[in-house]
Structure formats: C-alpha cells, structure tokens
C-alpha cells in the first residue's frame, strides 16, 4: 500500500524510523519534505510559515496524499500534548478524509479542541503496531453523482461570507463574529 506519513516536523527522526519500518513491511512510503539546515524545534511561527510558503510545503504534501492509498498520522507525545496532532497534520487528515482515504493514527485521538472532528473522520487507531495496516489498499468508493443529483443543481451557490474589518487589529484575542454578504 502507498502510505503518506503526516506528523509534526519536530518528530523528523521518528518519521524516518517509521518510514523504514513500513518499507520493511512492504509498503511504499511518502514523508514530509525536510529542509536541511532548518531547526523546527527552535524556529518561530513566522520562520516556519515563511519556510512553508517558500518551499510550498503544504501543497507538496497534498500531492503526496493524492497519490496515496492511506495516511498514517504519527501522533506521538510532543509540544506538551499527549498524542499531539498539530495544525498541519489535522489539515492533512482533512485532505485524506475528502479523498475517502483511510486515516490511521499511531495512538488514540488526542484530547484537543478539535477531537470531535478527528473522530468524525472515522480514524483507525493502530496503537503503535504498524502491522495493523493492510498491505493492499481498501476499495475506494465511487465518488460520482447519480444523474439528477449533481451538487447545486437547480439553485445558485450561496454568496461568499467575508469578515468585517476589526479596528485596532486582532490582538485582543476575541473573534469578530460580524459578517457581511457580498451583493
């Protein structure tokens, strides 16, 4: 099976180790791009964002997920969380979910604010045992729409919703709930 590993880049050594273990079991494995000479542990949020933009890392990993049969999220203990799943890994889980790919978690779903969204993706928890991942991919569903059931048939799409500008910036920590509808 072709598997893309998703994980925090602070776990780069663990990613490489699991990649080799999966290869030894007969899988083809894609991993996140590592940028030499970049210290993920000590980088600021701005430095990490700049790196992701410069190397188009989010889209690059998306392309790997598209070519995969499944993803494996290495949700190891990291950044002060048990079984951590960060922003990028959660985003990648969403990519896989939309593509109807199986999503395997190395450990239980973490106790994080978006745990219900992860649970709703019907993840498979392998409890650290890589042999619980099948060698052959499961059948993927037919994603075509039956005749007459195409999306938006017979109705116009909703207008986009844009947030109203907030005076004084957004550093107050509150979210502006006011929106306006485009004409």
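In my numbering, the protein residues as written are 853 to 1035. The beta-carbon is built from N, C-alpha and C at its ideal position, and this holds for glycine as well.
Please determine, among the options, the residue with the shortest C-alpha to C-alpha distance to residue i.
{"i": "residue 914", "options": "950, 982, 963, 978", "result": "950"}
{"i": "residue 1043", "options": "897, 939, 954", "result": "This structure cannot speak to residue 1043, because the chain is shown only from 853 to 1035."}
{"i": "residue 996", "options": "952, 963, 989", "result": "952"}
{"i": "residue 948", "options": "871, 898, 999, 976", "result": "976"}
{"i": "residue 930", "options": "866, 904, 880", "result": "866"}
{"i": "residue 861", "options": "967, 853, 932, 891", "result": "891"}
{"i": "residue 917", "options": "956, 899, 898, 893", "result": "956"}
Find out if the Cβ-Cβ distance for the pair residue i, residue j is shorter than 8 Å.
{"i": "residue 983", "j": "residue 877", "result": "yes"}
{"i": "residue 902", "j": "residue 855", "result": "no"}
{"i": "residue 858", "j": "residue 923", "result": "yes"}
{"i": "residue 973", "j": "residue 925", "result": "no"}
{"i": "residue 970", "j": "residue 945", "result": "yes"}
{"i": "residue 990", "j": "residue 954", "result": "yes"}
{"i": "residue 937", "j": "residue 962", "result": "yes"}
{"i": "residue 912", "j": "residue 863", "result": "no"}
Would you list the residues sitting across from residue i in a DSSP beta bridge?
{"i": "residue 881", "result": "855"}
{"i": "residue 948", "result": "Looking at the DSSP assignment, residue 948 forms no beta bridge with any residue, so it has no partner."}
{"i": "residue 967", "result": "Bridge partners of residue 967: none, in fact."}
According to DSSP, simplified to helix, strand and coil, what is residue i?
{"i": "residue 795", "result": "The structure shown has nothing for residue 795, since the chain only spans 853 to 1035."}
{"i": "residue 955", "result": "strand"}
{"i": "residue 895", "result": "coil"}
{"i": "residue 977", "result": "strand"}
{"i": "residue 876", "result": "helix"}
{"i": "residue 991", "result": "coil"}
State the CB to CB distance for the pair residue i and residue j, rounded to an integer number of angstroms; the pair is presumed to be in contact (CB under 8 Å).
{"i": "residue 883", "j": "residue 907", "result": "Incorrect: roughly 14 Å between the Cβ atoms, too far for contact."}
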